[in-house]
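Using this note's numbering, you'd call the opening residue of the sequence shown number 928 and step up by one each time. Just so it is clear, CB atoms sit at the ideal spot from N, CA and C, and this is done for glycine as well. Model, not experiment: these values are computed from the prediction. In what follows, a structure is listed as structure tokens, so that the remarks can point back to it.
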Amino acid sequence: MKIPMVALLILCNTGILFSQTETKLSSGIAFDGEPNMMANPNDPRQITVAWMGLGWNGSTTVITIRTRSTSDGGKTWGGIQSIPHFSSDWGSADPTMAYHKSGKLYLAYIDYRQAEDSGGVFLFSSNNNGGSWNYESQIMDVQESTSKLPLDRPWIAVDNSGGNNDGRLFITTKPAPWIPAPNRPYFKISKDGKSWSTFRFLDTVNYLTGNFIQAPMAAPSCTKDGKFIAAYPSYVTSQSVYPKYFLAKSSDGGNTFSYSDLLVNPGSSGDTNLKAGYQLLADPWNANRIAMIRVDNTLGDADIVVNATWNQGINWNSNVRVNDDATANGVLQDLPWASWSKNGELAVCWRDRRNGSGTGFAQNADCYCAVSTDSGKSFGNNLRMSAQSATYNNILTQNGNDFMGCHLNGDTLLAVWGDVRSNKLEIWCSSIRWKSATNTVENLLASENLFQIKIIPNPTSEYLKIMSNYTPDYPLYILDNLGKKIEEISEPIGDKLSIQNLKTGIYYLHGSVNGVTFSEKFEVMR
928 MKIPMVALLI LCNTGILFSQ TETKLSSGIA FDGEPNMMAN PNDPRQITVA WMGLGWNGST
988 TVITIRTRST SDGGKTWGGI QSIPHFSSDW GSADPTMAYH KSGKLYLAYI DYRQAEDSGG
1048 VFLFSSNNNG GSWNYESQIM DVQESTSKLP LDRPWIAVDN SGGNNDGRLF ITTKPAPWIP
1108 APNRPYFKIS KDGKSWSTFR FLDTVNYLTG NFIQAPMAAP SCTKDGKFIA AYPSYVTSQS
1168 VYPKYFLAKS SDGGNTFSYS DLLVNPGSSG DTNLKAGYQL LADPWNANRI AMIRVDNTLG
1228 DADIVVNATW NQGINWNSNV RVNDDATANG VLQDLPWASW SKNGELAVCW RDRRNGSGTG
1288 FAQNADCYCA VSTDSGKSFG NNLRMSAQSA TYNNILTQNG NDFMGCHLNG DTLLAVWGDV
1348 RSNKLEIWCS SIRWKSATNT VENLLASENL FQIKIIPNPT SEYLKIMSNY TPDYPLYILD
1408 NLGKKIEEIS EPIGDKLSIQ NLKTGIYYLH GSVNGVTFSE KFEVMR
């Protein structure tokens, strides 16, 4: 449950920058982030993107889940849909989607009150590729696990096997990010999306998460032959002297599980600012192929690595490094996401800082990608997908820019991410013909100011109140209609600013946020 103020979710490619155009998906007042992308398995040209957008709710700002869809593989996009809140003072976060082969698209997300006493994870569905949405059910309630707030980072998966559990839905969550350890991953199942099982913990005796991991995110997927699988972290010294990732597998729709080691003593990201979320991805067309995509600093700094299995988890290969810049050069990669093609190709996208001026997290970044033609054993040249680098903004250290999305269809790779290249948080969608590294098209799907100033009441006669999603830099200035400085505000004004000394007329509140200037118009009426 991340309430962020900006998101940089990026995709990737090395080397040559090809001629590009761009498409914007979102259009909120201040924040668009953490986009999730899902394609219809029956028609891969039908794609929906969901993200978190910040908007006004009266005099306050709230995050709302928004969606936008294409039916032609990203050439054109429909209008923006907003998913409703369940109370006027609730905000939303963490959209996740899954497509059933019937053509039904599921969307789960958090909606809750920041006082933390009410809210949950909710499920909507669409039968027209995100053109409209229908409420299905509440999946999880904030009070279901006392004091743990088990709503954070929901991930949804659906069984498309055609077997006994075809259409069954699975959801994983974890406690809110500020809840101290020990914590455990949560798990629920539904046969129809209308009602859900009581929660259970995904870990178990001898395969416990342990007392040291604060955010034990479970990454779920479903195999072609109807098995539910999930990866989750563990560090329990009585189980192993090394940290691990375990693989939980169920062959009966989530009723019972078997467990095995996925990774032993994996590297970490090495920098807590990096967005090091991991993905477990079963090949929808081959039951034996599964890939784990993550950030790993074993070679000296944060790289994107893949660990794959070709026998459904009996054996996993060692780290395969995806980014092809020099090792241990101080250039950090993060924000990975991946997609399988029908031919067993695996595309990985990520955020890359190789075109920055230095090393470390605080560098300009680009969206890069690479494709494996041997199902994760090796990767081809990195390809740059972004038309220009996104200038670093320190707001990227905050929560909410944790994930991106992508989809591989034949020789076309489509990805969606957010960046702040123009002092706005913008949701970008880019496609590339990866085999020839040509015909790259970048689309700006949404554009948001990184901050928003609102003056109420407006018009006003006695006082004004400044509403903002960020604290402005001081001093602020009141200018008249000709730009002449009338008053300087040198320190925070508290609840209200008296304007009794201003005559009837048009004025501007002038100032800056993080070095970006603004001028907000207001009217005084006597």
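Taking contact to mean 3 or more Cβ pairs, one atom from each stretch, closer than 8 Å, check whether the region 1352–1365 and the region 1399–1416 are in contact. Not touching, per the Cβ criterion.
Do you know whose CA, among Phe1173, Ile1393, Val1233, Ser1196, lies nearest Ser1185's CA? Taking the sequence shown and counting its residues from 1, one reaches residue 1185 at position 258. When only C-alpha atoms are compared, the closest one is Phe1173.
Ser1117 versus Phe1128, Ala1103, Ile1083, Gly980, residue with shortest Cα-Cα distance: Within the sequence shown, numbered from 1, the residue matching residue 1117 stands at position 190. When only C-alpha atoms are compared, the closest one is Ile1083.
When DSSP labels each residue in this structure, what does Ile1322 get in the three-state scheme? Taking the first residue of the sequence shown as 1, we reach residue 1322 at position 395. Secondary structure at Ile1322: helix, using DSSP grouped into helix, strand and coil.
Check whether the Cβ atoms of Lys1115 and Ile1066 sit closer than 9 Å, and answer yes or no. One-based indexing of the sequence shown puts residue 1115 at position 188. One-based indexing of the sequence shown puts residue 1066 at position 139. Against a cut-off of 9 Å, the Cβ pair of Ile1066 and Lys1115 comes out as a contact.
Tell me the DSSP secondary structure of Ala1142 in three-state form. On the sequence shown, position 215 is the one that residue 1142 refers to. Reduced to three states, the DSSP call for Ala1142 is coil.
Kindly say whether Gln1315, judged by its beta-carbon, lies nearer than 9 Å to any beta-carbon of chain C. This model lacks chain C altogether; it includes just one protein chain.
For Ile1106, list the residues DSSP reports as bridge partners. As a first step, residue 1106 is located in the sequence shown; it is residue number 179 there, counting from the start. Its beta-bridge partners do not exist; DSSP assigns none.
Whole-angstrom Cβ separation of Ala1292 and Asp1279, contact assumed at under 8 Å? In the sequence shown, the residue the question calls residue 1292 occupies position 365. In the sequence shown, the residue the question calls residue 1279 occupies position 352. Correct: roughly 6 Å between the Cβ atoms.
Under 9 Å between C-beta atoms of Ser1072 and Pro1102: If you number the sequence shown from 1, residue 1072 lands on position 145. If you number the sequence shown from 1, residue 1102 lands on position 175. A contact, by the Cβ cut-off of 9 Å.
Start and end residues, beta strand (DSSP E) containing His1334: Numbered from its first residue, the sequence shown carries residue 1334 at position 407. First-last of the beta strand (DSSP E) with His1334: 1332–1336.
Tell me which residues share the same chain as Gly1283 and place their Cβ nearer than 6 Å to its Cβ, disregarding the 5 neighbours each side in the sequence. Mapped onto the sequence shown, residue 1283 falls at position 356. The residues are Gln1290, Asn1291.
Select from Ala1158, Gly1120, Thr1125 the residue whose C-alpha is nearest the C-alpha of Leu1135. Sequence index remark: in the sequence shown, residue 1135 carries index 208 (1-based). Leu1135 has its Cα closest to that of Ala1158, out of Ala1158, Gly1120, Thr1125.
Rounding to the nearest angstrom, what Cα-Cα distance links Ser1053 and Glu961 in this structure? As a working note, residue 1053 is residue 126 in the sequence shown. As a working note, residue 961 is residue 34 in the sequence shown. When rounded, the distance between both Cα atoms is 20 Å.
Could you tell me which residues DSSP pairs with Tyr1434 in its beta bridges? To locate residue 1434, count along the sequence shown from 1; it is residue 507. Paired residues: Asp1407, Phe1449.
N-terminal and C-terminal residue of the beta strand (DSSP E) that Pro1170 is part of: In the sequence shown, the residue the question calls residue 1170 occupies position 243. Following the DSSP letters along the chain, one finds Pro1170 in no beta strand (DSSP E), marked with neither H nor E.
Coarse secondary structure for Gln1008, derived from DSSP in three states: To locate residue 1008, count along the sequence shown from 1; it is residue 81. Strand, per DSSP.
Using the three-state DSSP reduction, which class does Thr948 fall into: helix, strand or coil? Working through the sequence shown from its first residue, we reach residue 948 at position 21. Per-residue confidence for Thr948 stands at a pLDDT of 36, beneath the threshold of 50, marking its modelled position as unreliable; the derived number appears in the next sentence. Looking at Thr948 - three-state DSSP - the assignment turns out to be coil, as it is neither helix nor strand.
Is the beta carbon of Lys1304 closer than 9 Å to that of Val1249? Taking the sequence shown and counting its residues from 1, one reaches residue 1249 at position 322. Taking the sequence shown and counting its residues from 1, one reaches residue 1304 at position 377. No, the Cβ-Cβ distance between Val1249 and Lys1304 is not below 9 Å.
Quick one: grab the DSSP three-state call for Asp1329. Along the sequence shown, read from residue 1 onward, the residue named residue 1329 stands at position 402. If DSSP states are grouped into helix, strand and coil, Asp1329 belongs with coil.
By the 10 Å Cβ neighbour count, where 16 or more other Cβ atoms means buried, how is Glu1418 classified, buried or exposed? On the sequence shown, position 491 is the one that residue 1418 refers to. By the neighbour-count rule (16 or more Cβ atoms within 10 Å), Glu1418 is not buried but exposed.
Compare the Cα-Cα distances from Asp1252 to each of Arg1216, Ser1268, Met1219, Tyr1295 and report the closest residue. Stepping through the sequence shown from its first residue, residue 1252 is reached at position 325. When each option's Cα is compared against that of Asp1252, the closest is Tyr1295.
Contact set for Phe1445: own chain, Cβ-Cβ below 6 Å, skip 5 residues either direction: Counted from its first residue, the sequence shown places residue 1445 at position 518. Within the same chain, Phe1445 has close Cβ partners Ile1380.
Contact set for Asn1110: own chain, Cβ-Cβ below 8 Å, skip 5 residues either direction: Counting from one through the sequence shown, the residue named residue 1110 turns up at place 183. So the list reads Lys1075, Lys1101, Pro1102, Thr1136, Ile1140, Gln1141, Ala1142, Pro1143, once near-sequence residues are dropped.
Verify whether the separation of the beta carbon atoms of Gln1206 and Pro1263 is less than 9 Å. Along the sequence shown, read from residue 1 onward, the residue named residue 1206 stands at position 279. Along the sequence shown, read from residue 1 onward, the residue named residue 1263 stands at position 336. Yes, the Cβ-Cβ distance between Gln1206 and Pro1263 is below 9 Å.
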